[in-house]
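Enquirer: Handing you a structure now.
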Amino acid sequence: MEATKENVQRSETQSTERIAQDLPKRDELLLTPDEQRIKEAFQDHNWNEIKTADSWVIFKVMAEFVEGFDKLAKIGPCVSIFGSARTQPDNPYYKMTEEIAAKLVRHGYGVITGGGPGIMEAGNKGAYEQGGKSVGLNIKLPFEQHSNIYIDPDKSINFDFFFVRKVMFVKYAQGFVVMPGGMGTLDELFEALTLIQTRKIARFPIVLVGRAYWQGLIDWITQVMLEQEHNINPEDMKLISIVDTPTDAVRVIDEFYSKYLLKPNF
87 MEATKENVQR SETQSTERIA QDLPKRDELL LTPDEQRIKE AFQDHNWNEI KTADSWVIFK
147 VMAEFVEGFD KLAKIGPCVS IFGSARTQPD NPYYKMTEEI AAKLVRHGYG VITGGGPGIM
207 EAGNKGAYEQ GGKSVGLNIK LPFEQHSNIY IDPDKSINFD FFFVRKVMFV KYAQGFVVMP
267 GGMGTLDELF EALTLIQTRK IARFPIVLVG RAYWQGLIDW ITQVMLEQEH NINPEDMKLI
327 SIVDTPTDAV RVIDEFYSKY LLKPNF
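The C-terminal residue of the sequence shown carries number 352 in this note's numbering, and the numbering is unbroken.
Take a look at the structure:
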């Protein structure tokens, strides 16, 4: 009888220990992917794990740079067009983007976009239908992003790293046309402004299309950043042009290069 009681107690103790050991695993199953990544970031890793993981990242980054440089070095003068992936084909800004891209091609430029839907698709479509160079620098995302069908097959590149992709946008573009967009569009806009302001790259034209969309941001930059806090110089505001029509957008770029006696075939 006593032996039976001991066996029962031992069994109950082992069950309790197993449950206690399994609880963290069960809790992990309830974590969202973002929560899981946060937890993993705080876990201890030995030096070999860190070194191995970082080495593979270095090679992946190098591979993306090599592919980008190899494909884009041959495209000639282009203009990068930015804007929201969520813009639908019936949106007036979608139509404007198509027209801007078409005009750029007729004026001798190729078009570079982020390769996805929305404004990016409109830019590639306008260039493609005019027989111009249509470049797509796609980024792998868990939502929204997929390659559109108007990119030249030999000028489509997929990136894992945003920073590599942004280097390609800046390095191989003779100008930026910025349509209404979200966080990613603002990121690309201010990246270009920062690089020009700090003279890390030469100046090129940056055109914001849609005064109704952009004027509030420009007013805040002027009134708060510049006049109130003096965090930028008055000359920095000259880096940006705001227009409302496709004709004016392309004219800004043409006039910029005409000052230097340069044309799109340089």
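Heads up, the beta-carbon is just placed ideally off N, CA and C, and yes, glycines get one too.
#1: Look at the alpha carbon of tyrosine 179 and the alpha carbon of serine 141, and state the distance between them as a whole number of angstroms.
#2: Determine whether the beta carbon atoms of glycine 200 and isoleucine 225 lie at a separation below 8 Å.
#3: Residue range of the alpha helix (DSSP H) that glycine 196 falls in?
#4: Looking at the unbroken beta strand (DSSP E) that takes in leucine 312, where does it start and where does it end?
#5: Using the DSSP secondary-structure output, state which residues sit across from serine 327 in a beta bridge.
#6: Please work out which residues of its chain come closer than 7 Å, Cβ to Cβ, to leucine 223, disregarding the five sequence neighbours upstream and downstream, and give them in chain order.
#7: Helix, strand or coil for phenylalanine 248 per DSSP?
#8: With a CB to CB cut of under 6 Å and the five nearest residues on each side skipped, what residues in its chain are close to valine 191?
#9: Of the residues Ile318, Ile167, Asn319 and Lys181, which one's Cα is nearest the Cα of glutamate 274?
#10: Taking the alpha-carbon of leucine 227 as reference, which of Asp240, Phe247, Ala208 and Ala259 has the nearest alpha-carbon?
#11: Measuring only the C-alpha atoms, how far is isoleucine 235 from glutamate 207?
#12: Helix, strand or coil for serine 170? Go by DSSP, reduced to three states.
#13: Please report the straight-line C-alpha distance between valine 336 and lysine 181, rounded to a whole angstrom.
#14: Taking the beta carbon of valine 329 as the centre, do at least 16 other beta carbons fall within 10 Å, making it buried, or is it exposed?
#15: Can you pull the DSSP bridge partners for serine 344?
#16: Check whether the Cβ atoms of lysine 241 and lysine 189 sit closer than 8 Å, and answer yes or no.
#17: With DSSP as the reference, identify every bridge partner of glycine 209, one or two as the case may be.
#18: CA-CA distance, proline 266 and glutamine 309?
Expert: If we stick to the structure as given:
#1: Spanning the two alpha carbons is a distance of roughly 43 Å.
#2: Contact annotation: glycine 200 and isoleucine 225 have beta-carbon atoms nearer than 8 Å.
#3: Segment 196 to 199 is the beta strand (DSSP E) holding glycine 196; no alpha helix (DSSP H) there.
#4: Leucine 312 -> no beta strand (DSSP E), and no H or E assigned at all.
#5: DSSP, once it has assigned bridges, lists Val293 as partnering serine 327.
#6: Non-local beta-carbon contacts of leucine 223 in its own chain, meaning distances under 7 Å to residues more than five positions away in sequence, involve Ile198, Gly200, Gly201, Ile243, Phe245, Arg251, Met254 and Phe255 in chain order.
#7: Helix at phenylalanine 248.
#8: Same-chain partners within the cutoff: Ala213, Gln216 and Gly218.
#9: The option with the nearest alpha carbon to glutamate 274 is Ile167.
#10: If we check each option's Cα against that of leucine 227, Phe247 comes out closest.
#11: Note on geometry: alpha-carbon atoms of isoleucine 235 and glutamate 207 lie some 8 Å from one another.
#12: Here serine 170 carries a coil assignment [DSSP, helix/strand/coil].
#13: Rounded to whole angstroms, valine 336 to lysine 181 spans 15 Å at the Cα level.
#14: Buried is the call here.
#15: Residue pairing by DSSP places serine 344 opposite no residue, since no beta bridge is assigned to it.
#16: With respect to the 8 Å criterion, lysine 241 and lysine 189 are not classified as neighbours on the basis of their beta carbons.
#17: Its beta-bridge partners do not exist; DSSP assigns none.
#18: For the pair proline 266 and glutamine 309, the Cα-to-Cα distance works out to about 21 Å.
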